[in-house]
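Asker:
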Amino acid sequence: MSELYVDSVAHSFGGHSVINNVYLKCGVGEVVGVLGRNGSGKSTLLKIIFGSIKPNYKFIRIDGELVQKGYLTHKIIYLPQGYFLPQYLSLELLVNLYVNKYREQLLAIDLFREHLKMRIGDLSGGHRRLAEALLMIYSDAKYILLDEPFSQLAPLISEQLKHHIRELLPEKGFIVTDHDYQQILEVSSRVVLIHNGCNYNIGHTDDLILHGYLPAHFV
Amino acid sequence: MYQKLKILYVHHFKLVFVLNFCLSLFFLNLFYLKGFDKINLYNLAIAFKLLGYATTVGIEKLFFSYRIFYYYNLNMSYRKVLGYFFLLDTFLFTSLLIFCWLCQSFM
Numbered sequence: 011m012s013e014l015y016v017d018s019v020a021h022s023f024g025g026h027s028v029i030n031n032v033y034l035k036c037g038v039g040e041v042v043g044v045l046g047r048n049g050s051g052k053s054t055l056l057k058i059i060f061g062s063i064k065p066n067y068k069f070i071r072i073d074g075e076l077v078q079k080g081y082l083t084h085k086i087i088y089l090p091q092g093y094f095l096p097q098y099l100s101l102e103l104l105v106n107l108y109v110n111k112y113r114e115q116l117l118a119i120d121l122f123r124e125h126l127k128m129r130i131g132d133l134s135g136g137h138r139r140l141a142e143a144l145l146m147i148y149s150d151a152k153y154i155l156l157d158e159p160f161s162q163l164a165p166l167i168s169e170q171l172k173h174h175i176r177e178l179l180p181e182k183g184f185i186v187t188d189h190d191y192q193q194i195l196e197v198s199s200r201v202v203l204i205h206n207g208c209n210y211n212i213g214h215t216d217d218l219i220l221h222g223y224l225p226a227h228f229v
Numbered sequence: 006m007y008q009k010l011k012i013l014y015v016h017h018f019k020l021v022f023v024l025n026f027c028l029s030l031f032f033l034n035l036f037y038l039k040g041f042d043k044i045n046l047y048n049l050a051i052a053f054k055l056l057g058y059a060t061t062v063g064i065e066k067l068f069f070s071y072r073i074f075y076y077y078n079l080n081m082s083y084r085k086v087l088g089y090f091f092l093l094d095t096f097l098f099t100s101l102l103i104f105c106w107l108c109q110s111f112m
């Protein structure tokens, strides 16, 4: 069963409950969009799935196997909100570190073909963000967690990123969060809203208004 | 995994490797001069090597927030990265110690 299954996730910071009983499922070929206000726990949820935060309680199963730390399974990879790769490393070295199976496809992309010998820190902010996102998307991991991948990206680069997500969709599952809800609605096959520590399935923009994520005049 | 570890050590552990290696060389020199039968010298060497490893952990902690996802996305935990590093350093120190002891024994 190719599926990332997360259930009963509960976490609190300093006695304040951030996430309470969150349930999420992501299969291969699926993009699950996660929306929520600032501080609603979107990033926390992704970090819990990835294993970098130890929650009060969680139940995570990947392809039928119970998992404690996602990053040790070789099946999950996580793009954090900020830059996370050392700026003095070259794109070539990073490709060798993170990408095996899809290396040829990644190296065919203009950004990598033209700047392969360059250090990632020498790229512009948007290109650096795109390079980090593409390294994660084209990595060998089966489930890709993308935390605000569209922030800092120009519309044209956002489109490129969505194209690459769709390209690898038949072989991977994606969980994507962002504050740009239109990008999320566009790229996702299913959308979930985290509100008051719980998750709600979103079928239409009206649901986002109903749960207080969007103001009423947005329709 | 070993290829990834090699790249990590070459790019991020040069300073701590040199520090630990210099400490090893200092004690090798002491052993060579004082002899290999001094138990207290072994205790001192172990204490200083542990201090060296604690310093290494301290230095790595400084970069923890910058490198956490870089390592984790390589399926590497801090325990693994530092554990193999300490193992390598201990192996190097022990090998050099035995080599020096053999050299002195046959000279």
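Chains as they are written, first to last, in the numbering used here: chain A, 11 to 229; chain B, 6 to 112. Where a beta carbon is used, it is the ideal one built from N, C-alpha and C, also for glycine.
#1: Run through DSSP, which three-state label would A52 of chain B get?
#2: With C-beta atoms as the reference, is S22 of chain A less than 7 Å away from N31 of chain A?
#3: Excluding the 5 residues preceding and the 5 following C208 of chain A in the sequence, name in chain order all residues of the same chain whose CB lies nearer than 8 Å to its CB.
#4: Distance check for Q193 of chain A and A20 of chain A, CA to CA, integer angstroms please.
#5: Less than 6 Å between the CB of L24 of chain B and some heavy atom of the ligand NAD, yes or no?
#6: Shortest alpha-carbon distance to P159 of chain A belongs to which of A:L145, A:A151, A:L101 and A:K152?
#7: Go through its chain and collect everything with a Cβ distance to L116 of chain A's Cβ below 8 Å, but skip five positions before and after it.
#8: Mapping DSSP to helix, strand and coil, what is A164 of chain A?
#9: Hey, does L95 of chain A have any beta-carbon neighbour from chain B nearer than 7 Å?
#10: Is L206 of chain A helix, strand or coil when you go by DSSP?
#11: Mind checking who K35 of chain A pairs with in its DSSP beta bridge?
#12: For D132 of chain A and Q97 of chain A, what's the separation of their Cα atoms in angstroms?
#13: Out of curiosity, what's the CA-to-CA distance linking E40 of chain A and G183 of chain A?
#14: If you draw a straight line from the C-alpha of F90 of chain B to the C-alpha of G25 of chain A, how long is it?
#15: Starting from P90 of chain A, find everything on chain B with Cβ-Cβ shorter than 8 Å and list it in chain order.
#16: How long is the line joining the alpha carbons of I3 of chain B and F104 of chain B, rounded to whole angstroms?
#17: Considering only the alpha carbon of each residue, which of A:Q78, A:G74 and A:S62 lies closest to K68 of chain A?
#18: Kindly say whether N80 of chain B, judged by its beta-carbon, lies nearer than 7 Å to any beta-carbon of chain A.
#19: Would you kindly work out how many angstroms separate the C-alpha atoms of N78 of chain B and L35 of chain B, rounded to a whole number?
#20: For A141 of chain A, collect the residues of the same chain with a Cβ closer than 7 Å to its Cβ; drop the 5 residues on either side in sequence, then sort them by chain order.
#21: Got a sec: is the Cβ-Cβ distance from Y81 of chain A to anything in chain B below 7 Å?
#22: Between A:G213, A:V16, A:V28 and A:R47, which lies nearest to T187 of chain A when the distance is taken from Cα to Cα?
#23: Could you compute how far the alpha carbon of G74 of chain A sits from the alpha carbon of K11 of chain B?
#24: So with Cβ pairs under 7 Å, would you call I219 of chain A a contact of chain B?
#25: From the DSSP output, in three-state form, read off Y76 of chain B for me.
#26: Of all the alpha helix (DSSP H) runs that stay within the bounds of the region 86-133 of chain A, which reach a length of 4 or more residues?
#27: Can we say the region 46-64 of chain B touches the region 44-64 of chain A, given the rule of at least three CB pairs closer than 8 Å?
#28: Flag Y77 of chain B as yes if its beta-carbon sits less than 7 Å from any beta-carbon of chain A, otherwise no.
Answerer: Judging by the given coordinates:
#1: helix
#2: no
#3: N30, N31 and V32
#4: 28 Å
#5: For the structure depicted, the ligand NAD is absent and the ligand set is empty, with no information on it obtainable.
#6: A:L145
#7: V105, V109, F122, L144, L145 and Y148
#8: coil
#9: yes
#10: According to the sequence as given, residue 206 of chain A is Asn; it is not Leu. Three-state DSSP puts N206 of chain A in coil, outside helix and strand.
#11: A:Y15
#12: 8 Å
#13: 5 Å
#14: 38 Å
#15: F74
#16: It is not possible to answer for residue 3 of chain B, since the shown part of chain B is limited to 6 through 112.
#17: A:Q78
#18: yes
#19: 42 Å
#20: L101, L121, I130 and L133
#21: yes
#22: A:R47
#23: 33 Å
#24: no
#25: helix
#26: 101-108, 113-117 and 120-125
#27: no
#28: yes
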